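**Student:**
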Amino acid sequence: MTKLSNVKGRITYISSHAKQENLYAVYETTERKFWRELAKCNQDEFVKSGTEGKCIEARELIIALPESFTEFQPDRLLQLFTNHFKQNYGTGCIAALHHNKRKNNYHIHLIFAERKLLDEPIIKTASRNMFYDENGKHVRTKKEILGEDGEIREGCSIVKKGEVYEKKLFTAKDERFKSNSFLDEVKHSYTDLINIYVQDESQKLQVFERGSVYLATKKIGKNNPKAQEIEADNQKRQEWK
Numbered sequence: 272m273t274k275l276s277n278v279k280g281r282i283t284y285i286s287s288h289a290k291q292e293n294l295y296a297v298y299e300t301t302e303r304k305f306w307r308e309l310a311k312c313n314q315d316e317f318v319k320s321g322t323e324g325k326c327i328e329a330r331e332l333i334i335a336l337p338e339s340f341t342e343f344q345p346d347r348l349l350q351l352f353t354n355h356f357k358q359n360y361g362t363g364c365i366a367a368l369h370h371n372k373r374k375n376n377y378h379i380h381l382i383f384a385e386r387k388l389l390d391e392p393i394i395k396t397a398s399r400n401m402f403y404d405e406n407g408k409h410v411r412t413k414k415e416i417l418g419e420d421g422e423i424r425e426g427c428s429i430v431k432k433g434e435v436y437e438k439k440l441f442t443a444k445d446e447r448f449k450s451n452s453f454l455d456e457v458k459h460s461y462t463d464l465i466n467i468y469v470q471d472e473s474q475k476l477q478v479f480e481r482g483s484v485y486l487a488t489k490k491i492g493k494n495n496p497k498a499q500e501i502e503a504d505n506q507k508r509q510e511w512k
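Counting from 272, one number per residue, gives the positions in the sequence shown under my numbering.
As structure tokens, this is what we get:
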């Protein structure tokens, strides 16, 4: 699982035919403006918190699929896997179905939000003029944001009476998405979903607990004509660690 500090850029990258040679489908559970608002919310909250490092705007899973799944209709396949996450966790998602350059590594990029939209947005309007300094901190009087020349200092601002000074669209972040138990759960869930559609019993997957959770890899026999395909598949499975 990857932490995303630029979710809008990442969405463009995974969903653009100009950037992806083998892009088969894109599916979204919400409008694209959701991600713009989400990024702004997370950046604003990050600044308020005073935390160091990078702001996490969203998270991404890469789901390795059996090559036999290329037989399924791409749009329906992607919709199935994306809605599976949406139904289980209730958050906004966007996903893209890809192949690597050699077309031996079929996989889904699934980006999901850690916040949900509120049923009703919380909008606060100023009952009187409100003053903010260079750091975005609310101060009591206009005098506190004036320079020696009597003008408003650069970076300071005034919210006039009746104007919106705070708009809250999202819930707090769901802390479970940080946990190892979530990653464990989602791996089991997708492995079970994959196995429903795997027709060959010998190709069904398992999730093992051996200190960490991972998808079982396949053994590459000597002189196996599908060695490259299996190796690529194994590599993607390791990304679930």
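Glycine included, C-beta positions come from ideal geometry on N, C-alpha and C. Model, not experiment: these values are computed from the prediction.
Out of curiosity, what's the CA-to-CA distance linking threonine 283 and glutamate 292?
**Tutor:** Working through the sequence shown from its first residue, we reach residue 283 at position 12. Working through the sequence shown from its first residue, we reach residue 292 at position 21. Their backbone Cα atoms lie some 14 Å apart in a straight line.
**Student:** Looking only at C-alpha atoms, which of Tyr377, Thr412, Ile365, Asp455 sits nearest to cysteine 427?
**Tutor:** On the sequence shown, position 156 is the one that residue 427 refers to. Comparing Cα-Cα distances from cysteine 427 to each of Tyr377, Thr412, Ile365, Asp455, the minimum goes to Thr412.
**Student:** How many whole angstroms separate the CB atoms of alanine 329 and glutamate 385, which I take to be in contact at a CB cut-off of 8 Å?
**Tutor:** For this step, residue 329 is matched to residue 58 along the sequence shown. For this step, residue 385 is matched to residue 114 along the sequence shown. Right, their Cβ atoms sit about 7 Å apart.
**Student:** Using only CA atoms, which one of Ala367, Ala289, Gly321 lies nearest to leucine 332?
**Tutor:** Here the question's residue 332 lines up with position 61 in the sequence shown. Among Ala367, Ala289, Gly321, the Cα nearest to that of leucine 332 is on Ala367.
**Student:** Does DSSP put leucine 348 in a helix, in a strand, or in coil?
**Tutor:** The residue given as residue 348 occupies position 77 in the sequence shown. Here leucine 348 sits in helix by DSSP.
**Student:** Is the beta carbon of histidine 369 closer than 9 Å to that of histidine 380?
**Tutor:** Taking the first residue of the sequence shown as 1, we reach residue 380 at position 109. Taking the first residue of the sequence shown as 1, we reach residue 369 at position 98. Yes, these two residues count as a Cβ contact at 9 Å.
**Student:** Pairs of beta-carbons, one from the stretch 421-437 and one from the stretch 464-476, closer than 8 Å: are there three or more?
**Tutor:** Result no; under three Cβ-Cβ pairs closer than 8 Å.
**Student:** Go ahead and pull the three-state DSSP assignment for arginine 447.
**Tutor:** For the purposes of this step, residue 447 is taken as residue 176 along the sequence shown, with counting starting at 1. Helix.
**Student:** Contact defined as beta carbons within less than 8 Å: I believe isoleucine 382 pairs with isoleucine 393. What is the distance between those atoms, to the nearest angstrom?
**Tutor:** Along the sequence shown, read from residue 1 onward, the residue named residue 382 stands at position 111. Along the sequence shown, read from residue 1 onward, the residue named residue 393 stands at position 122. Between isoleucine 393 and isoleucine 382 the Cβ distance is about 26 Å, and since that is not below 8 Å, they are no contact.
**Student:** On the criterion of 16 or more Cβ atoms from any shown chain inside 10 Å, does serine 450 qualify as buried, or is it exposed?
**Tutor:** For this step, residue 450 is matched to residue 179 along the sequence shown. Answer is exposed; the Cβ neighbour count stays below 16.
**Student:** To the nearest angstrom, how far is the alpha carbon of lysine 431 from that of glycine 421?
**Tutor:** For the purposes of this step, residue 431 is taken as residue 160 along the sequence shown, with counting starting at 1. For the purposes of this step, residue 421 is taken as residue 150 along the sequence shown, with counting starting at 1. The alpha-carbon atoms of lysine 431 and glycine 421 are separated by roughly 19 Å.
**Student:** Just to confirm my understanding: we take leucine 275, look at its own chain, exclude 5 residues before and 5 after, and list those with CB closer than 8 Å. What are they?
**Tutor:** Counting from one through the sequence shown, the residue named residue 275 turns up at place 4. Within the same chain, leucine 275 has close Cβ partners Arg281, Ile327, Glu328, Ala329, Arg330, Glu331, Ile382.
**Student:** Among the candidates Arg347, Asn313, Leu294, whose CA atom is the shortest distance from the CA of arginine 373?
**Tutor:** Looking up residue 373 in the sequence shown gives position 102. Nearest of Arg347, Asn313, Leu294 to arginine 373, Cα basis: Leu294.
**Student:** Look at valine 278 and serine 286 and say whether their C-beta atoms are less than 9 Å apart.
**Tutor:** As a first step, residue 278 must be located in the sequence shown, where it is residue number 7. As a first step, residue 286 must be located in the sequence shown, where it is residue number 15. Going by C-beta atoms, valine 278 is not nearer than 9 Å to serine 286.
**Student:** Let me know the secondary structure DSSP gives phenylalanine 343 once reduced to three states.
**Tutor:** Within the sequence shown, residue 343 is the residue found at index 72, counting from 1. The answer is coil: DSSP assigns phenylalanine 343 none of H, G, I, E or B.
**Student:** Tell me which same chain residues have a C-beta within less than 7 Å of the C-beta of isoleucine 334, skipping the five on either side of it?
**Tutor:** Locating residue 334 in the sequence shown gives position 63, counting from the first residue. Result list for isoleucine 334: Phe352, His378, Ile379, Leu381, Tyr461, in chain order.
**Student:** Taking just the CA atoms, how far does cysteine 312 sit from glycine 363?
**Tutor:** Taking the sequence shown and counting its residues from 1, one reaches residue 363 at position 92. Taking the sequence shown and counting its residues from 1, one reaches residue 312 at position 41. Cα to Cα, glycine 363 sits roughly 14 Å from cysteine 312.
**Student:** Distance, Cα to Cα, asparagine 371 vs threonine 442?
**Tutor:** One-based indexing of the sequence shown puts residue 371 at position 100. One-based indexing of the sequence shown puts residue 442 at position 171. When rounded, the distance between both Cα atoms is 36 Å.
**Student:** Quick check on threonine 362: does DSSP put it in helix, strand or coil?
**Tutor:** Taking the sequence shown and counting its residues from 1, one reaches residue 362 at position 91. Coil, per DSSP.
**Student:** Which of the three DSSP states, helix, strand or coil, is assigned to isoleucine 429?
**Tutor:** In the sequence shown, counting from the first residue as 1, residue 429 sits at position 158. DSSP places isoleucine 429 in strand when its eight states are reduced to three.
**Student:** Helix or strand or just coil, what does DSSP make of valine 469?
**Tutor:** Position 198 of the sequence shown, counted from the start, is the residue given in the question as residue 469. Reduced to three states, the DSSP call for valine 469 is coil.
**Student:** Compute the Euclidean distance between the alpha carbons of glutamate 446 and serine 339, then round it to the nearest angstrom.
**Tutor:** For the purposes of this step, residue 446 is identified with residue 175 of the sequence shown, where counting begins at 1. For the purposes of this step, residue 339 is identified with residue 68 of the sequence shown, where counting begins at 1. Distance between the alpha carbons of glutamate 446 and serine 339 is about 36 Å.
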